[in-house]
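Which chain is which? The protein sequence lines are A and B, in order. Just so you know, we're using the working numbering here: the first sequence kicks off at 42 and counts up by one. Just so you know, we're using the working numbering here: the second sequence kicks off at 128 and counts up by one.
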Amino acid sequence: MIQVSTLRKKAGGTEILKGISFEVAPRTVLGIIGASGSGKTTLLRCLNGLERINGGFIQCEDLRLEPQFTESDYRHRVKQLRRKVGTVFQHLHLFPHLTVLGNIIEAPVHVLRAPRAKAEQEAYQLLESVGLKQAARRYPESLSGGEQQRVAIARALAMHPTLLLFDEPTSALDPKRAAEMRLLLRGFVAGGQTMVIVSHSIGFLTGLADNLLYLEGGEVVEYGETQALLTSPRDPRTASFLQQAK
Amino acid sequence: MICVSPGKVGRAFIHFPFSIFHFSFLFFRLSFIAPGGLFFSCDLVDRFIIQQKRRSTKSHERNKTAGALFLFFRALLLHFQVEFAQLKWKLKMTNGKWKMFCLLAVLFYHKPASAQQVLRWGADPSGGAPYVYTDPVNPDRYIGYEKEMVDALAAAMGRKAEFVPSDWETLVSALQRGSFDVIVNGLEPTTDRARQIDFSNPYYIFQLQLTVRHDDDRIHSLADCHHRTVGTLSNTAASRILQQEGIPLRGYSDPVGAYKDLELKRIDAVVMDVPAEAFYARNNPKLKPAGEPFAPGPYVIGLRKGDAVLKAEINTGIEKIIADGTLEQILKKWNLWNNAQVELQAPIRAGQHAQVAPYEMTSASFNWREALSRLTRAAMVTVLIAFGSMIIAIALAIPLAIGQSRGPRWVRALCTTYIEFFRGTPVLVQLLFLYFGLPAIGLAMPGWLTALVGLGLNYAAYESQVYRAALEAIPRGQWEAAYSLGMNPVLAFRRIIMPQAFRIALPPMTNDFVSLFKDTSVAFAISVWELATAYRELANASGQFLLLGVTVSLFYLAMSLPMAHLARRLERSLQNRDVAPDAVAEGAVA
């Protein structure tokens with residue numbers, strides 16, 4: 042599905058990502074954990090092309106992104122990559138001037154050029170699946186944080202992404218809402234959605250992520266199957282992070 | 128003051144311009160009161176001289192003699208202070224009594240009767256040749272046959288002429304306000320003016336001359352001008368004749384603009400008084416006179432109503448300069464002497480008194496119905512210009528704003544240059560440049576289009592800053608969210624960023640639009656018949672400044688209030704989106 046190899050990202054002279062490699066198989070969930078400033082969000086921004094990579098490559102299905110491509114070729118490929126990768130930002134970035142429904146159908150109608158009626162029908166289905174059908178005509182600012190997050194998920198899923206990137210889903214949620222969110226995401230995974238979730242809440246990822254990747258200082262410290270990584274970390278740095286996280 | 132001023136110094140003062148005379152006495156007053164005023168007053172004189180040097184004054188005498196005055200005043204003051212000290216000693220006054228004496232002297236001080244009364248006369252020197260205009264050789268000086276005539280007239284009256292540069296259109300109201308004593312500016316007696324001011328006896332007989340382009344063989348007289356636009360000075364005998372004949376006219380504030388527009392084919396002909404025509408058009412190879420001079424009429428001097436003493440004085444003065452041949456000399460020098468003048472002057476020279484109003488007065492047709500219809504037409508032009516230029520401004524401001532905030536370096540520099548140029552120079556200058564400057568490169572737009580484009584270009588600079596601020600207020604996350612949904616920059620801008628920025632920009636935009644509405648009034652400078660021009664011309668012709676002013680204000684309000692109201696409603700509808708009306712119903716059902 043998506044393969045990342047020796048990915049490097051520099052910003053202002055410092056290397057933020059120092060050769061990251063991993064692979065996400067279809068219908069699986071990768072959880073990326075790590076302390077603040079470890080490069081989690083930057084990695085996510087590389088995966089949807091918001092940051093230009095400086096080394097290695099990203100392979101998403103048949104699409105390959107390498108830094109040595111010419112500017113126009115790179116841009117063209119980023120555009121294609123964004124069609125395959127959906128993103129739910131930590132701060133959501135819902136469009137405040139559009140209704141919930143408008144937020145969801147905006148890209149299908151104007152990017153995919155889907156007929157409006159069909160897009161709306163699909164949007165209602167998505168809203169139903171996130172439990173917000175009644176809020177279709179409301180504006181985002183009138184919704185609670187949790188509701189807004191579910192709108193953002195629906196907005197990303199409306200583009201039928203092969204991969205969904207999710208930045209810090211629990212940052213604005215209380216434990217009860219976080220549990221509900223995990224349940225919701227599990228539903229989507231069961232429906233065949235592949236995801237990469239960045240989170241510092243290990244509890245949230247347990248039972249949701251198939252694999253975990255522990256990032257520290259822009260390097261992959263440990264990468265493996267969730268249960269194995271949580272119960273018997275091979276690297277002492279992972280162990281100490283897990284210890285602190287508890 | 129007179130009681131203490133030694134006579135010889137008083138005489139010395141008379142030779143100085145009044146203002147300086149007055150100032151010097153002011154310093155004396157101060158030096159009386161200020162204890163130890165000896166140095167204080169000298170210090171004041173120094174400061175005054177320095178200020179005068181800094182200020183650029185029109186009066187060239189003052190500039191030229193500033194340096195000499197500096198030394199003179201110091202010496203004079205020292206001299207006076209010594210004399211006052213002697214006086215105090217002679218009167219054997221105590222300090223307290225001396226102060227009281229000085230205070231009384233200041234209170235009872237009044238201007239000594241001027242040895243020579245002034246005759247302040249108003250005229251419009253801009254494009255005012257050969258009447259009165261700025262000497263091209265020496266721009267500090269005014270010249271012209273009327274300047275020379277007034278000088279001679281004032282001398283004949285035992286007065287000193289003082290020229291007050293003014294504006295043709297507002298001469299009558301300026302006279303009534305008391306800005307000067309008389310109007311001498313080729314003024315024709317008309318019935319509507321007669322209601323507002325008094326006239327002297329005539330001093331010159333003018334005729335009108337029709338001028339066309341040199342290659343024009345369609346127009347030979349005014350009769351050929353129906354359905355063509357004829358330019359002339361606003362509010363003159365010529366403009367009244369055109370109005371009476373029902374010929375479409377365009378009013379100008381000076382002959383230069385009218386002849387320029389004729390050359391540029393913006394109008395088809397110009398009617399002007401012969402003196403102005405002789406000076407501005409006769410020698411222009413691109414223009415030619417059409418037909419013979421016609422419609423003779425007198426020039427008179429305008430006086431405030433009821434100023435009978437001055438009127439008698441002026442009439443005697445005119446007779447005097449006619450009788451002694453001074454006026455003839457002046458007119459001959461300016462090439463304005465002809466048979467009509469001989470006819471006018473002959474009886475006076477034969478010892479008779481001048482005939483009163485020997486010529487029929489032209490009158491302006493003013494009635495409220497026509498005024499309202501003309502104002503309505505002007506209002507429509509105003510609306511056209513305002514909307515047109517706002518559209519240009521918006522269309523141009525968006526790329527400017529984007530270029531300035533997100534463009535590459537050179538685009539940014541280009542946009543900034545544009546904005547700073549149009550914001551940093553007066554819109555009036557820009558309009559004049561577009562109207563008179565661009566035809567030099569073969570781009571002659573009609574007046575309304577020039578105003579529309581000019582204001583549009585100008586307001587684009589302001590609007591661009593509103594949009595830039597609005598664009599920069601949209602968080603970067605909105606762009607990123609749009610990109611990550613697969614939108615390209617153009618789509619992201621159009622669908623996501625612009626609608627949000629519009630919400631922010633709407634209140635300042637409304638503001639700018641209302642102010643643009645009012646700024647259309649600068650178009651009068653290029654003779655566009657919009658509301659402000661209409662007001663000036665109608666009010667000047669009728670003297671109905673107050674009523675017409677209220678009417679015009681109502682017109683402006685009738686246009687700008689609905690706009691403001693519409694904008695407020697739009698704003699509210701954009702902001703009242705917490706709960707859309709049908710969402711409540713749907714939510715209740717769910």
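Just so you know, even glycine gets a beta-carbon here, dropped at the ideal spot from N, CA and C.
Closest option to A506 (chain B), judged by alpha-carbon separation, among B:H347, B:D325, B:Y662 and B:Q303: B:Y662.
Taking a Cβ-Cβ threshold of 7 Å, the residues of chain A close to Q627 (chain B) are P137 and H138, in chain order. Look at the stretch 119-131 of chain A: the residues with a C-beta under 8 Å from a C-beta of chain B are K120, R123, R124, V126, G127, T128 and F130. For Q605 (chain B), the nearest CB of chain A lies under 8 Å from its own CB, placing it at the interface with that chain.
Taking the CA atoms as reference points, W248 (chain B) sits about 27 Å from P474 (chain B). If you check the CB distance, L256 (chain A) and T267 (chain A) do not come in under 8 Å.
Taking a cut-off of 8 Å on C-beta distances, the stretch 557-575 of chain B touches the stretch 641-660 of chain B, as three or more cross pairs fall below it.
Rounded to whole angstroms, the gap between the alpha carbons of K447 (chain B) and V259 (chain B) is 22 Å.
With 16 or more neighbouring CB atoms inside 10 Å of its own CB, I243 (chain A) falls in the buried class. Going by beta carbons, M690 (chain B) and V655 (chain B) fall outside the 8 Å limit. Of all residues in the stretch 231-250 of chain A, none comes within less than 8 Å of chain B when Cβ atoms are compared. Assigned with DSSP and collapsed to three states, R431 (chain B) falls in strand. For A286 (chain A), no Cβ of chain B is located within less than 8 Å of the residue's own Cβ. Shown here for L555 (chain B): same chain residues with a beta carbon closer than 8 Å to its own, the five before and five after excluded, namely V649 and A652 in chain order. The C-beta of G613 (chain B) comes closer than 8 Å to at least one C-beta of chain A. Contact check for V469 (chain B) against P329 (chain B) fails: the beta carbons are separated by 8 Å or more. Residue environment analysis places I521 (chain B) among the buried positions, since at least 16 neighbouring C-beta atoms fall within 10 angstroms of its C-beta. Proximity to Y586 (chain B) across B:G676, B:Y545 and B:E296 peaks at B:Y545, based on C-alpha coordinates. Looking at the DSSP output, F98 (chain A) sits in a beta bridge with A:S46.
Measuring C-alpha to C-alpha distances from L122 (chain A) to each of A:S212, A:I43, A:I74 and A:P181 identifies A:I43 as the nearest.
In this structure, the beta-carbon distance from V126 (chain A) to A193 (chain A) does not fall below 8 Å. Here Y589 (chain B) has R550 and D639 as same chain residues with Cβ atoms under 7 Å from its own Cβ, once five neighbours each way along the sequence are excluded. Following the DSSP letters along the chain, one finds P292 (chain B) inside the beta strand (DSSP E) bounded by residues R286 to P292. Interface with chain B (8 Å Cβ-Cβ cutoff): E169 (chain A) is excluded. Under the 10 Å beta carbon count, G223 (chain B) is surrounded by fewer than 16 other beta carbons and is classified as exposed. The C-beta of L618 (chain B) comes closer than 8 Å to at least one C-beta of chain A.
Collapsing the DSSP output to three states places Q243 (chain B) in coil. Following the DSSP letters along the chain, one finds L675 (chain B) inside the alpha helix (DSSP H) bounded by residues F672 to Q702. Within its own chain, the residues whose Cβ lies closer than 6 Å to the Cβ of E64 (chain A), once the five positions on either side in sequence are excluded, are Q44, listed in chain order.
Under the Cβ criterion of 8 Å, A608 (chain B) is counted among the residues facing chain A. Rounded to the nearest whole angstrom, the C-alpha separation of L369 (chain B) and G424 (chain B) is 15 Å. Chain A has no Cβ within less than 8 Å of the Cβ of R539 (chain B). For H134 (chain A), the chain B residues whose C-beta falls within less than 8 Å of its own C-beta are P602, G604, Q605, E607 and A608, listed in chain order.
Sixteen is the threshold: since fewer than 16 other Cβ atoms of the shown chains lie within 10 Å of the Cβ of P266 (chain B), the residue is exposed. The C-alpha of K51 (chain A) lies about 20 Å from the C-alpha of S113 (chain A). The shortest CA-to-CA distance from I61 (chain A) to any of A:A286, A:R49 and A:R68 is the one to A:R49.
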